[in-house]
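Take any residue in the sequence shown, note its place counting from 1, add 132, and you have its number in the working numbering.
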Amino acid sequence: QEYTALKMQVLEWAPGAQGALEDKLPDGVDVFLVPATLRPETLYGQTCCFVGPTINYGIFRASEREYYVVTDRAARNMAYQGIFARDSEIEKVAEIRGSDLVGCLVNAPLSLHDKGVRVLPMETVSPLKGTGVVTSVPSDSPDDLITVTTLAKKADYYGIEREWAEAQIYPIIDTPTYGDLCATVLVKELKITSPKDVKQLERAKELAYKEGYYQGTLKVGEYRGQTVEMAKPKIRQQLIDAGAAFPYCEPERKVISRSG
Ligand code: ZZB
């Protein structure tokens, strides 16, 4: 799997994170949450960034001035792929639980929300996929839509401000079958009411991927009017050239036998 790893710079730490990080980061460095995405062309629609509340993240030195927040597993892969400045060397300066990252304000490159987006909890984030950080595009990802909907309904329970989960969802990709809010239509059609509707969500994701990729046309940004198929590699390259993203590969998943 070749992902695009996106650099979402921390603009403001949540109080919990500040406590966990005290004295551990050198002065004047930039820290980034780094989600892995397969859909760089949807990044205009980012409204928040998800972490698993019970996942443990590390803060890793990527270069003298830049540090990445990802799982240990992703950091090992990154080191192996030559992404860190010091060849294949991993330097973890701090550890932090996802729940302590919730509430941070991070920059979302390309997003129409250009003042930054909030870090929010998503219980279905897998620690074994990508970087364990997920950028949220509720217009085009059914998983993201049902998660922000649920968070907004039970903001107190999740310990967040309701507005953080209610950032405006802009239409960014037009499709013949589901219109320009693909996820909204699919969540409704497949009667998805909770992030726990795993089967239906899997199906919705598949349908959204196919429709978006093969039939989608961009409605916003520099490549407005172009098909997703055409625009996707250009948007990806533009992010990489701007230093806002880098290629990240997931090693082939090992087949684990049932007996262990
Ligand atoms: C932005 C985005 C916009 C995504 C979209 C999807 C969609 P796959 O196919 O299962 O590999 N993701 C990445 N890492 C994780 C994780 N650790 N746990 C849970 N979800 C994760 O899925 C890859 C996609 O799943 C990634 O692409 C990321 O969300 C999420 F409009 O990034 B995506 C129809 C999907 N639309």
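Positions of the beta carbon are idealized from the N, C-alpha and C atoms, including for glycine.
This one's a predicted model, so the numbers in the text were calculated from it and none came from an experiment.
Residue i, enclosing beta strand (DSSP E) - first and last residue
i      : result
Lys224 : Lys224 to Arg229
Arg250 : Val249 to Pro253
Leu165 : Asp162 to Leu165
Val183 : Cys180 to Val183
Tyr397 : The question about residue 397 has no answer here: the residues shown for the chain are numbered 133 through 392.
Glu89  : Missing from the structure shown is residue 89; the chain here goes from 133 to 392 and no further.
Val266 : Val265 to Ser268
Residue i vs residue j beta-carbon contact at 9 Å
i      : j      : result
Ser268 : Gln133 : no
Val238 : Gln300 : no
Gly151 : Tyr189 : no
Cys314 : Ala340 : yes
Val266 : Val257 : yes
Ala168 : Ala137 : yes
Cys181 : Leu165 : yes
Asp162 : Glu221 : no
Thr349 : Thr282 : no
Pro185 : Leu371 : no
Ile278 : Thr325 : yes
Tyr310 : Glu343 : yes
Ser271 : Asp312 : yes
Ala146 : Cys236 : yes
Lys320 : Ala226 : no
Leu242 : Ala149 : no
Gly248 : Leu318 : no
Simplified DSSP state of residue i, which is helix, strand or coil
i      : result
Ser391 : Per-residue confidence for Ser391 stands at a pLDDT of 47, beneath the threshold of 50, marking its modelled position as unreliable; the derived number appears in the next sentence. Correct three-state label for Ser391: coil.
Cys130 : The question about residue 130 has no answer, for the chain in this structure spans 133 to 392.
Val238 : strand
Ala137 : strand
Glu144 : strand
Tyr189 : strand
Val317 : helix
Val257 : coil
Ala168 : strand
Ile305 : strand
Gly177 : helix
Gly311 : strand
Leu153 : helix
Leu233 : helix
Through-space distance from residue j to residue i, alpha-carbon basis
i      : j      : result
Gln432 : Thr316 : Given that the chain is displayed from residue 133 to residue 392, the structure contains no residue 432 and the question cannot be resolved.
Tyr176 : Lys337 : 19 Å
Ile304 : Gly353 : 9 Å
Lys224 : Ile191 : 6 Å
Ala376 : Ala240 : 9 Å
Ser391 : Arg208 : Confidence is the limiting factor: at Ser391 the pLDDT is only 47, short of 50, which leaves the residue's position unreliable, though a coordinate-based value still follows. Approximately 27 Å, taken between the alpha carbons.
Lys328 : Met254 : 11 Å
Ala217 : Val201 : 16 Å
Pro383 : Thr263 : 12 Å
Gln332 : Tyr346 : 21 Å
Lys366 : Asp246 : 21 Å
Pro379 : Lys323 : 35 Å
Pro259 : Val330 : 17 Å
Val251 : Val183 : 7 Å
Ala363 : Gly357 : 9 Å
Asp276 : Ala284 : 12 Å
Arg294 : Leu244 : 20 Å
Gly214 : Lys351 : 36 Å
Ile228 : Arg205 : 15 Å
Tyr355 : Tyr302 : 16 Å
Proximity test, residue i beta-carbon vs the ligand FMN heavy atom, cut-off 8 Å
i      : result
Leu350 : Summarising the ligand content, the structure contains the ligand ZZB and does not contain the ligand FMN.
Terminal residues of the alpha helix (DSSP H) in which residue i lies
i      : result
Val280 : Pro274 to Lys285
Ala363 : Val360 to Asp373
Glu354 : First-last for Glu354: undefined, no H or E at that position.
Arg294 : Arg294 to Ala297
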